[in-house]
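**Q** The structure follows.
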Amino acid sequence: MYTAQLDGRPATAEELAPLAFAGYAHFTAVQVRDGRMRGLDLHLARLRSASVELFGRALPDDRVRSHLRTALEGGPADVSLTATVYSTAGEFTAAGDQAGLSLLVRTGPPASGPAGPLALGTVAYERPLATVKHVGEVAKTYYLRQAVGEGFDDAAFVDGRGRLSEGTIWNLAFWDGETVLWPRAGMLGGTMMGVVRRQLTRLGVPQRDREITLADLSALAGAAVLNSWTPGVAVHRIGPEPVPPAPAFLDLLHRAHRAEPLTSP
1 MYTAQLDGRP ATAEELAPLA FAGYAHFTAV QVRDGRMRGL DLHLARLRSA
51 SVELFGRALP DDRVRSHLRT ALEGGPADVS LTATVYSTAG EFTAAGDQAG
101 LSLLVRTGPP ASGPAGPLAL GTVAYERPLA TVKHVGEVAK TYYLRQAVGE
151 GFDDAAFVDG RGRLSEGTIW NLAFWDGETV LWPRAGMLGG TMMGVVRRQL
201 TRLGVPQRDR EITLADLSAL AGAAVLNSWT PGVAVHRIGP EPVPPAPAFL
251 DLLHRAHRAE PLTSP
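Going by this note's numbering, the first residue of the sequence shown is number 1, and it counts up by one from there.
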């Protein structure tokens, strides 16, 4: 049975109703397998830092972990889990760190992402508060649908300096044949990205942060997107620029993901 729990207990319809269209909150999403997850420390760190940014304080890690455990008890072993932190003061108020914080944990069917390869349209856009995984981002769905209407599978964002930053719900990763390249631009540092990066380091794979523009793609050997669903889906085109297939690069991203141990909350 999938669940929606508020502060460690089943949420009621009356409690959920005010949140249905609320837009001042942040969240983290993770795939749970056999009751365990990868990168738990990264998810906890994300919730802490985003709460401090939005609310001036954060829930204790031990309370968050307790609520995660409660939400997983008695449910399927494999689920998608989303944990959302919001202020009891609600939106459109100047209430700061005096207001309480609540944690809504939802579970649903497990996901693994699209098979790919994907074609990404490009759009000039920079997410507000790009380092926070906040809710209510209408632009992400809007630009996804716009890209699909133009014959692409999804969209990638280009900032005001012409740099590729991220996808609608994805981080971008590139390959030059030897080194994994991560875009240097304002973006959300994904938890999957964090897992893959630290495991690539442990595997001895070279990595580098660099500015990447559309003009740079012709000299690269591969590209992928990754998010909480998957450590890598191949990309074969970004805007008008083709990207060569790089199965070894995709295998490397997935190998790094598998090297991250599963842990219980």
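Glycine included, C-beta positions come from ideal geometry on N, C-alpha and C.
1. Using only CA atoms, which one of Y125, L200, L59, A13 lies nearest to L163?
2. Taking C-beta to C-beta, are P265 and R63 nearer than 9 Å?
3. By DSSP, does E14 sit in helix, in strand, or in coil?
4. Output yes or no for whether 9 Å exceeds the beta carbon distance between G121 and A156.
5. Where do the ends of the beta strand (DSSP E) carrying H236 lie?
6. Identify which residue in N227, F249, D34 has its Cα closest to the Cα of M187.
7. For E53 versus L129, is the C-beta spacing smaller than 9 Å?
8. Mind reading off the beta-carbon distance from V135 to H43? Whole number of angstroms is fine, and I expect it under 8 Å.
9. If I measure Cβ to Cβ from V243 and keep anything under 8 Å in the same chain, skipping five residues before and after, which residues do I get?
10. Please identify the residue among V180, E260, A20, T3 whose C-alpha is closest to the C-alpha of S80.
11. Comparing C-alpha positions only, which one of F249, R106, T201 sits nearest to V172?
12. Are the beta-carbon atoms belonging to G108 and W229 less than 9 Å from one another?
13. Can you look up L266 in the DSSP assignment and give me helix, strand or coil?
14. Would you identify the three-state DSSP class for S264, choosing helix, strand or coil?
15. Look at the alpha carbon of A185 and the alpha carbon of E15, and state the distance between them as a whole number of angstroms.
16. A256 and Q199 - do their beta-carbons sit closer together than 9 Å?
17. Does the segment 81-92 come close enough to the segment 19-37 to have 3 or more Cβ pairs within less than 8 Å?
18. What's the C-alpha gap between T213 and G189?
19. Taking DSSP as the reference, what is the three-state secondary structure of D159?
20. On the DSSP bridge list, what partners appear for M37?
**A** With the given structure in hand:
1. This sequence places Arg at residue 163; Leu is not what is there. Comparing Cα positions, the closest option is Y125.
2. no
3. helix
4. yes
5. 230-238
6. N227
7. Yes, the Cβ-Cβ distance between E53 and L129 is below 9 Å.
8. About 16 Å; that fails the 8 Å criterion.
9. Contacts found: L217, L220, G222, A223, V235, H236, R237.
10. T3
11. Here the sequence assigns Leu to residue 172, which means Val is not the residue at that position. Selected option, being the one with the closest Cα: F249.
12. no
13. With the chain covering 1 to 265 only, the question about residue 266 has no answer from this structure.
14. In the displayed model, S264 falls within coil according to three-state DSSP, outside both helix and strand.
15. 38 Å
16. yes
17. yes
18. 19 Å
19. In the displayed model, D159 falls within coil according to three-state DSSP, outside both helix and strand.
20. V32, T263
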